[in-house]
Structures are given as structure tokens and as C-alpha cells.
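Numbering (our numbering), first residue to last: 1 to 279.
What follows is one structure encoded as C-alpha cells, with my remarks underneath.
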Ligand SMILES: [Fe+2]
Ligand SMILES: [Fe+2]
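Written out as C-alpha cells, the structure is:
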């Protein structure tokens with residue numbers, strides 16, 4: 001079976017370049033790639049989780065994809081945990097509820113004949129919200145009840161494994177506490193792939209019997225985290241599941257422009273404002 005992972009679409013009610021790129025992507029997936037399922041690993045909407053117009057426009061645009069679509073939220077969809085949340089956008093119950101009303105549950109299990117796909121809300125990890133405790137209970141129960149002999153693919157917005165040995169100033173992965181707890185629970189499963197977004201770059205690394213995959217963005221190349229490795233191009237990931245084995249490849253989208261933060265007005269303005277505030 002063929003699974004496509006897209007990520008970091010950063011769509012806005014104002015339309016603009018991220019929407020143009022997304023429309024090219026959707027057409028390519030529908031007419032050329034024809035996946036069995038598509039997973040969106042978060043940062044669906046451009047910047048602010050409370051922008052209802054961005055959310056409803058994003059919903060309309062995601063509906064352009066013909067294949068069944070599964071979504072996990074990113075920090076720009078529901079906020080992020082902790083005191084050092086980007087631009088003070090902290091994950092809250094209301095933000096997750098608004099996301100779920102548009103896109104469905106923030107964590108899910110999707111069974112196919114060949115694999116089990118799991119999605120979790122990385123932005124709850126370390127938040128201390130009741131929703132975090134509820135998700136942990138769901139993860140424990142779900143992992144304990146997985147069928148034998150089927151590969152498991154896990155999707156979440158933030159990377160599960162540490163991104164860098166050096167601190168990079170803001171949250172780039174789920175952090176050691178959630179990572180150790182999740183990896184402990186996943187030990188007894190047939191985990192074969194962990195796909196995330198957030199970094200706006202592609203990388204594939206072997207982690208025991210599993211591959212860790214950073215999905216590239218479709219919206220724009222990120223600025224300011226040059227110390228992080230990976231392929232810095234826009235595109236998507238194509239997973240193939242054959243006889244219990246899972247592989248993943250980076251794919252470019254023909255005709256889709258390689259935009260930077262300067263090309264997306266909302267993002268360029270936000271970076272400018274934050275730089276000014278930091279001075
Ligand atoms: Fe993003
Ligand atoms: Fe993100």
C-alpha cells in the first residue's frame with residue numbers, strides 16, 4: 001500500500017502562495033500519485049491557532065485531496081506546551097477542541113489490511129492538561145491491543161527523537177520525558193516508522209527496526225534553524241508497505257515553487273515583529 005505524508009501546509013484565509021502550492025500538490029496527489037491514504041502531520045494553518053477563518057479555509061482546501069485524509073495537529077493549529085511556547089501560543093483545551101471540530105480527533109488509530117497507522121497530538125505532551133492524561137491512557141490501551149504481525153506507523157507533529165545535541169532556543173522535538181515514556185510503550189510493538197513534521201525539512205534515519213522520517217513542508221522553507229541537518233526542500237513523503245516492510249522516499253511536487261518565509265506575508269510579518277520585540 002501507498003501512504004503519503006504531507007506536512008506544514010501553513011494555509012491562510014487570505015489565499016496567497018501557500019494555497020497556490022497546496023493546490024498544485026493536491027492535483028499531483030489526485031492524478032499522479034493516487035495514494036491509499038494521506039496523513040497530514042500538522043501546522044495545517046498558517047500561524048495563529050485562534051484564527052477561525054484560516055481554519056475553515058484550511059478545511060476546505062484539505063478537502064481537495066481525494067484519498068482518505070488523517071490529520072494530527074501542529075503548534076500553529078493548537079498551540080504548544082510549556083513556558084517557552086513560540087510567540088506565547090500555548091496549547092489549551094479550547095484550541096484543541098476547535099481543531100477537533102474541524103479536523104476530527106487529535107489522536108487516532110487507522111487500521112488497513114497491511115498496516116496500523118497511529119496519530120498522536122505531540123502538542124499535548126508536557127502540557128499538564130487533562131487531555132494529555134487522557135491521551136496517555138489511550139496510547140497505553142491502544143498499543144496493548146495491537147494485532148500481531150502488522151507493521152505500525154506512528155505520526156505526530158514534533159520529532160520523537162532529539163533533533164540536535166545543542167539547544168536551539170525553542171521547542172524542536174517532544175523532549176526527553178515524553179520521548180522515554182513513548183519509546184518504553186512502543187518497545188513491545190511492531191513499530192516500523194515514525195513520521196513527523198515541524199522542521200520543514202526531510203530526513204530519514206534508522207532507529208532499530210523503525211525508520212524515523214522528518215517530512216518536508218509544502219508551504220515554505222524555514223529560517224533560523226540552520227544548524228539542523230536534513231534536505232531543505234519542499235515536497236512530501238511516500239511510504240510503501242510491502243509484506244510487513246515499510247520504506248519511505250522524499251518526493252518533489254512538479255511545478256510547486258520552493259518558497260521561503262519571505263514569500264509568505266503573514267510569516268514574514270510575524271518574524272519581523274518578533275525580531276523587533278527581541279531587540
Ligand atoms: Fe511548520
Ligand atoms: Fe510546527
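Just so it is clear, CB atoms sit at the ideal spot from N, CA and C, and this is done for glycine as well.
In the pairwise beta carbon analysis, the region 210-217 is classified as touching the region 191-198: at least three pairs are separated by under 8 angstroms. Around the beta carbon of residue 77, 16 or more other beta carbons sit within 10 angstroms, so the residue counts as buried. The alpha carbon of residue 7 has as its nearest neighbour, out of 75, 51, 144, 128, the alpha carbon of 75.
Per DSSP, the continuous beta strand (DSSP E) segment holding residue 108 begins and ends at 108-111.
Judged by beta-carbon spacing, residue 223 lies within the 9 angstroms limit of residue 260, meaning their Cβ atoms are closer than that value. Under DSSP, residue 250 takes part in a beta bridge, and its partners are 237.
For residue 157, the Cβ falls inside the 8 angstroms cut-off from some heavy atom of ligand 2. Secondary structure note for residue 204: it is in no alpha helix (DSSP H), and the uninterrupted beta strand (DSSP E) holding it is 203-207. The closest CA to that of residue 113, considering only 156, 264, 197, 242, is found on 242. Judged by DSSP in its simplified three-state form, residue 45 adopts strand.
Around the C-beta of residue 119, 16 or more other C-beta atoms lie within 10 Å, and the residue is accordingly described as buried. Just so you know, the alpha carbons of residue 273 and residue 87 end up roughly 10 angstroms apart. Taking the Cβ of residue 43 as the reference point, at least one heavy atom of ligand 1 falls within a distance shorter than 8 angstroms. Of all alpha-carbon atoms in 65, 147, 45, the one lying nearest the alpha-carbon of residue 99 is that of 45.
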